[in-house]
Amino acid sequence: MAETIQILPGREALAHRHHFATPEQQRETVMAGMWIFLATEIMMFGGLFMAYAVYRLGHPRAFELGSADMNVVLGSINTALLITSSFTMALAAHAAQEGRLRGLAWLLIATIVIGAVFLGIKFSEYYAHFREHRAPGVWYESKPNEPDPGGVEMFFVLYYIMTGLHAIHMLIGIGIMAVLWLMTLAGRFSRVYHSPVVVSTLYWGFVDIVWMFLFALFYLPGLHQGR
Amino acid sequence: MAEPVIRRKTYALVYIAMLALTLATTLLAFLNMGPFNSVVALVIAVIQAALIAGVFMHALYESALVRIILTGSVLWFLILITLTMTDYLTRSH
Amino acid sequence: MSTFTTEYDLFFWIMVVVCGLVSLGIAVVLITFAVRYHRRNDDELPTQIKGNVLAEAIWITTPFILFLGMFAYGAKLYFDVELPPSDALDIYVVAKQWMWETQHPEGEREINELHVPIGRRVKLTMTSQDVIHSFFIPDFRIKQDVLPDRYTTLWFEATTPGKVHLFCAEYCGTKHSGMIGWIYAMEPQAYEAWLEQGAPEGSMASTGEKLFHQFQCATCHHFDGHGPCPDLRGLFGRTVSIASGTSVTGPTTVVADESFIREKILNPRAHVVEGWKDNYMPSFQGQITEDQMIDLIAYIKAMGPPPGGTLSTSSGATPEREASGPVIIGPGVTSINNTVPGER
Amino acid sequence: MIAAPEVRTEPNYLNAKEGVLSWLLTTDHKRIGLLYIASITAFFFIGGFFALMMRLELLTPPSDLVSPETYNKLFTMHGIIMVWFFLIPSIPATLGNFILPMMIGAKDLAFPKLNLASWYIFNLGAAVTLYAIIRGGVDTGWTFYTPLSTTYSTGYVVGAALGIFIAGFSSILTGLNFIATVHTMRCPGLTWFRLPLFIWSMYATSLVLVIATPILAITLTMVGVERIFQVGIFDPALGGDPLLFQHMFWFYSHPAVYVMVLPAMAVESELVAAFSRKPIFGYNAVAFSSLGIAIVGFLVWGHHMFVAGQSVYSALVFSILSYLVAVPSAIKVFNWTATLYKGSVSWDTPMLYAIGFIGLFTIGGMTGLFLAALGLDVHVTDTYFVVAHFHYIMVGGAVMAYLGGIHYWWPKISGRLYPEFLAKLSALTVFLGFNLTFFPQFILGYLGMPRRYAAYPPEFQMLHVLSTAGASILGAGYVLPLIYLTWSWRYGPKAPPNPWRATGLEWQTPSPPPVENFEETPVVNYEAYDYEAMKEKLALG
Ligand code: HEA
Ligand code: HEA
Ligand code: CUA
Ligand SMILES: [Cu+2]
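Each protein sequence line maps, in turn, to chains A, B, C and D. The first sequence lines up with residues -17 to 209 when you count with my numbering. The second sequence lines up with residues 5 to 97 when you count with my numbering. The third sequence lines up with residues 19 to 362 when you count with my numbering. The fourth sequence lines up with residues 181 to 721 when you count with my numbering.
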């Protein structure tokens, strides 16, 4: 399925840093470095997922009740948006590999815009929860006669921390993409040198993966019992 | 080391599969399957994650080192969960 | 001294001897080599030895076997300490920054002191009002962390009369080092005599009974079996079924021990009793102190079985032995108390 | 800042560029190593100062020298500084940074700019922590147990946690850099099984750093969020479980103790080989034991929670796994000892430290076996027995190895020789002072003296006095090298490229090394410590 292009050594002064013996060595090193970084990210979110697992086990019902407060329509739209943005980003990497700079620039813009819409929707959801006084630490009220109110509050605490950390990652990603866009306009990338784009694709893909789990764990559990 | 280039058609297929899976997981969540609701949701999420990592992020096409890093970190996350759960699932008095 | 002291010291000194000998051996060999093979001249090149598989195998397996022994011995001792017997004298402990409150079933309350009879098993049920503390009696070789919103237990049997240290062993803030006291191990008669002079307010159960009325528990929990809610008589130690639908992946049955009753009072709807799904018990969160809680529990514990012998609450549950030790119910699911982190 | 000595004939990394900026903006791994040495030395003495204050307070039973409140802050800051701002970065970021690329024949680390960034991040984290300390300090213990840290403490918990959080990223970057470097930057011919054992151990360390540190970051973040917003992530009063915090903290912190000892083992292997002039006995076993420690080290964290209220079954699992992780350590100890057999053992200062390391690490490790025995831990946990256990490994073991390594590579780093007599004297002082300080603490612990006590019952006083006396001797032993090494930086006799006639690639280049380490990229066709192959070159035999 994958065809390959060989990186031509020495063409691009920018590409090759002095302490690497060859550009292939450099590419391999950069990819390894990025994946190791993603491994640390997995562990970082992993800690939160573990907290989620422990508390959901302790308060199964409460987590479903909390989840029933989520807006699943907005949630699924966001999921679709994020998937689309990953798709455009993957295409961006492809364009970079083929040296199509115009395409690359437009695909980056598309990714940024979709990412921004995602965040907009996300913040509108936060705002809606806030209006319903479901913002622990800021303005929180249990519903009358809510079973296990502590568990429900815990659900919201985790919801804000986890989706919040995810949103921060999105913001950083959008920032990176903006820089890539400027670099593209400045003609810094080519068929030979484009590792920043590829590496950013990895990052964006990771952020997307995290959301798949957040969607499954926060939006879906409350659906089957009616709203 | 050669750089993998993946056909756009492949990306497109994965994209469509991802959207379909999202639809599926959302609809399935409306059925009451008891504990299996979470199982289904998680399984689909794992498939989606694998698709993104494998294709959009090229993990399937990269060197063994990359795959070792990826599986390693997932494994370590599972260690974290499993050993912690030995506590929570067997706690008593 | 307690029954553990001798057991513990035996193991401890065995470890000292084993590890001491091994360390001594290593030290002797190391120094011998360093002296015996001290470099004679600057250009010396010794015979190059890369390794030896047999030697390697020996010093991988030998320690491993020794380690397994240590593990097994340690585990045995641990289970003796961790699993309280069911026939013990019950004493309740409430820890708070920075003091220990202890209470005997007869009602005596003590601060930073605890009187216990020798030759009798004593079980402490402990909780904290604030941070984590740790109940440590060095002379008895026992220790257990005391957690907020949760009961942990500790048991011992003192063997010699005397006065020994009680320390708080988990760092708990400014006056952690001041959270100390004394344990008085007494001859049984002396203990009885000591009990006699105290208890101005009556036993824990009787205080609990007053509280049971004061907090209006009695308005619902009648003793005729026909109230709007379960009859609590004979409840303690029994296995209770949890109404389905109130807990999806959670436990379906629960042993009614201290933690369960505590949860019922503070967060009643986390696990609703089978058959009472539509009746709400209100939460008493924030109204009951830890001291009152243990009195209430003592009272419920002291309630006898209902006169007729039939139980109105739980579906077909038979009386169980006292929840001593972990009770596993179903695959991977235990008695709820504390499977559930941080219940309110 | 360390100024470059004036007379350097050959161009080298020290005199290649001049001026403060050339240091602050350097991407040369060797210069960054020196920057780190400066930072962590400062932190070691600050942490040591807190230790001395504690020891002085503990001379007498009541808390008379300082109030309990101050004492609590002292041990907290001592622990935080020694662990995160001294010992974790100590060997990896200094010696590792300096030596690792040279050992594998590379010109630099894979990501030189990240390397510099990691030093700045480290100092930023340190500055934030110091700010928290100056503003009033923290009093939670280095373990930040909840709900004390989230709800009850009045100290600057968020500040200190933020500092550690930031410094954590410098650890991650160092680890990431090392892994990528070892994988992709080895010089021609240098296969995995020709690598010096230093590299294996450093690689294992990096794995732990990269995988464990993010969990610390997220755990501290949760503590911060809980403290700031007063929501109940860990606090039971608000719906959480304090044991979850402990699980997460120790999931990081137990592997972190191997981050502290694996680099020490890395240095140890180099020292034992170089000063016995023999390859390490059982190279493969030692190499794999490093990986074994790193991997199994992740499975044992619950041994810190035997009486904390976790499930007894869980405790069983963690106990047996703790014994499992001790096996690779045992392998190493035996192999190092066996390496001396029929060797040509010199008694140079680094070797004195190396031998001291084996002895003290063994004692520290064996007392770890006491703690891993479930029933034994019940009594000695949270007493001075634990304090003695970890100081034996961390001070007796890791700090000894660090000092040994500094002496060993000093000629390479500075291009100068240190005064041998003073060095031996200080090694001896450290060894004796150390044992006097910490051996009595084992006895204290067995007798029941709890840790983190500002005041204690009078019957413990005698042993505390001994310990304090030892600490003063120990302190003197540490000040000495600071003085003579600084002196020798400028005035010591010039060092030849390979004063010890060791085999590592780092010795095949001038002292101090040129900017990109080697005049031409080395090619390796022999195994590590292959004195036979290097016989001619080293003029041995
Ligand atoms: C560098 C740091 C370091 C290292 C390497 C270790 C290594 C080990 N540690 Fe330690 N430990 C700490 C630092 C370290 N520890 C710290 C800081 C704490 C306290 C934290 C706090 O609460 O503040 C602690 C606490 C601690 C506890 C919890 C105590 C408590 O609070 O109750 C336990 C319990 O199991 C433990 C066990 C072990 C074991 C089994 C090893 C093993 O890895 C040791 C293996 C080594 C050997 C065993 C020696 C060599 C072996 C031989 C020569 C073989 C021959 C021997 C025989 C056949 C007997 N440690
Ligand atoms: C790497 C880690 C490390 C190192 C090197 C040390 C080094 C030392 N430690 Fe540390 N210690 C810990 C890690 C470490 N410690 C940890 C993690 C804890 C647990 C904290 C907690 O409970 O939260 C602890 C706790 C701890 C306690 C227990 C406190 C308590 O529980 O109440 C004690 C008590 O004796 C102690 C003593 C010492 C001593 C005497 C040294 C000596 O080796 C220090 C020797 C150094 C010097 C003496 C410096 C010399 C400096 C000068 C002479 C000049 C100073 C001047 C200026 C600053 C200008 N330590
Ligand atoms: Cu209470 Cu320490
Ligand atoms: Cu540990």
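Every residue, glycine too, gets a C-beta built ideally from N, C-alpha and C.
- Interface criterion not met: the Cβ of Arg280/C is under 7 Å from no Cβ in chain A.
- Only exposed fits Val43/B, as fewer than 16 other CB atoms lie within 10 angstroms of its CB.
- Within 7 Å of the CB of Ile83/B, the CB atoms of chain D belong to Phe478, Leu479, in sequence order along the chain.
- Contacts with chain C at 7 Å (Cβ-Cβ) include Ala635/D.
- By the Cβ-count criterion, His115/A is exposed, with fewer than 16 other Cβ atoms from all chains shown falling within 10 Å of its own Cβ.
- Counting other Cβ atoms within 10 Å of its Cβ, Ile352/D reaches 16 or more and is therefore classed as buried.
- Using a Cβ distance threshold of 7 Å, Thr563/D and Met629/D count as a contacting pair.
- A straight-line Cα-Cα distance of about 20 Å links Ile413/D and Met52/A.
- Among the bridge pairs identified by DSSP, Tyr110/C is matched with Gln121/C, Thr143/C.
- Here Pro191/D is exposed, its C-beta having fewer than 16 other C-beta atoms within 10 Å.
- The beta carbons of Tyr633/D and Ser195/C sit closer together than 7 Å.
- In the structure shown, Gly180/C adopts extended strand secondary structure according to DSSP, grouped into three states.
- Three or more beta-carbon pairs separated by less than 8 Å are not found between the region 44 to 51 of chain C and the region 57 to 77 of chain A, which leaves the two stretches without contact.
- With at least 16 other beta carbons inside 10 angstroms of its own, Val36/A counts as buried.
- Interface annotation, Tyr521/D: in contact with chain C, CB-CB separation under 7 Å.
- Inclusion of His434/D in the 6 Å shell around ligand 4 follows from its C-beta lying nearer than that to a non-hydrogen atom of the ligand.
- Residue state for His151/C is assigned as strand, using DSSP reduced to three classes.
- Taking 7 Å as the threshold, the shortest C-beta distance from Asp190/A to chain C does not fall below it.
- One alpha carbon belongs to Gly544/D, the other to Val645/D, and they sit about 22 Å apart.
- Linking Tyr300/D to Leu583/D through their CA atoms gives a straight-line distance of about 24 Å.
- Within chain B, Leu74, Ser77, Val78, Trp80, Phe81 have C-beta atoms less than 9 Å from the C-beta of Ile24/A, given in sequence order.
- For Gly721/D, the closest Cβ of chain C is nearer than 7 Å.
- In terms of CA proximity to Leu87/B, His483/D leads the group Pro620/D, Val659/D, Leu624/D, His483/D.
- A direct Cα-Cα distance of roughly 11 Å separates Glu237/D from Tyr636/D.
- Chain-ordered listing is empty here: chain C has no CB closer than 7 Å to the CB of Asp51/A, the nearest sitting near 17 Å.
- Neighbours of Met428/D across chain A, judged by C-beta separation under 8 Å: Gly29, Met32, Ala33.
- Taking a C-beta cut-off of 9 Å against chain C, the contacting residues of the region 543 to 567 of chain D are Ile543, Met546, Thr547, Leu549, Phe550, Ala552, Ala553, Leu554, Gly555, Leu556, Asp557, Val558, His559, Val560, Thr561, Asp562, Thr563, listed in chain order.
- Bounds of the alpha helix (DSSP H) holding Gln52/B are 40 to 55.
- With a threshold of 6 Å, the Cβ atom of Glu249/D does not count as near ligand 3, since no heavy atom of the ligand is closer than that.
- In the structure shown, Asp319/D adopts coil according to DSSP, grouped into three states.
- DSSP places Tyr598/D outside both helix and strand once states are collapsed to three, so it counts as coil.
- Here the C-alpha atom of Ile318/C lies approximately 14 Å from the C-alpha atom of Cys238/C.
- Here the residues close to ligand 3, judged by CB distance below 7 Å to any of its heavy atoms, are Ala113/C, Gln115/C, Trp116/C, His151/C, Ser152/C, Cys186/C, Ala187/C, Glu188/C, Tyr189/C, Cys190/C, His194/C, Met197/C in chain order.
- Counting only residues of its own chain and dropping the five nearest sequence neighbours on each side, Ala45/B has a CB closer than 8 Å to the CB of Thr29, Leu32, Ala33.
- Judged by DSSP in its simplified three-state form, Phe185/C adopts strand.
- With distances taken between CA atoms, Ser449/D lies nearest to Gly585/D out of Pro677/D, Thr326/D, Gly585/D.
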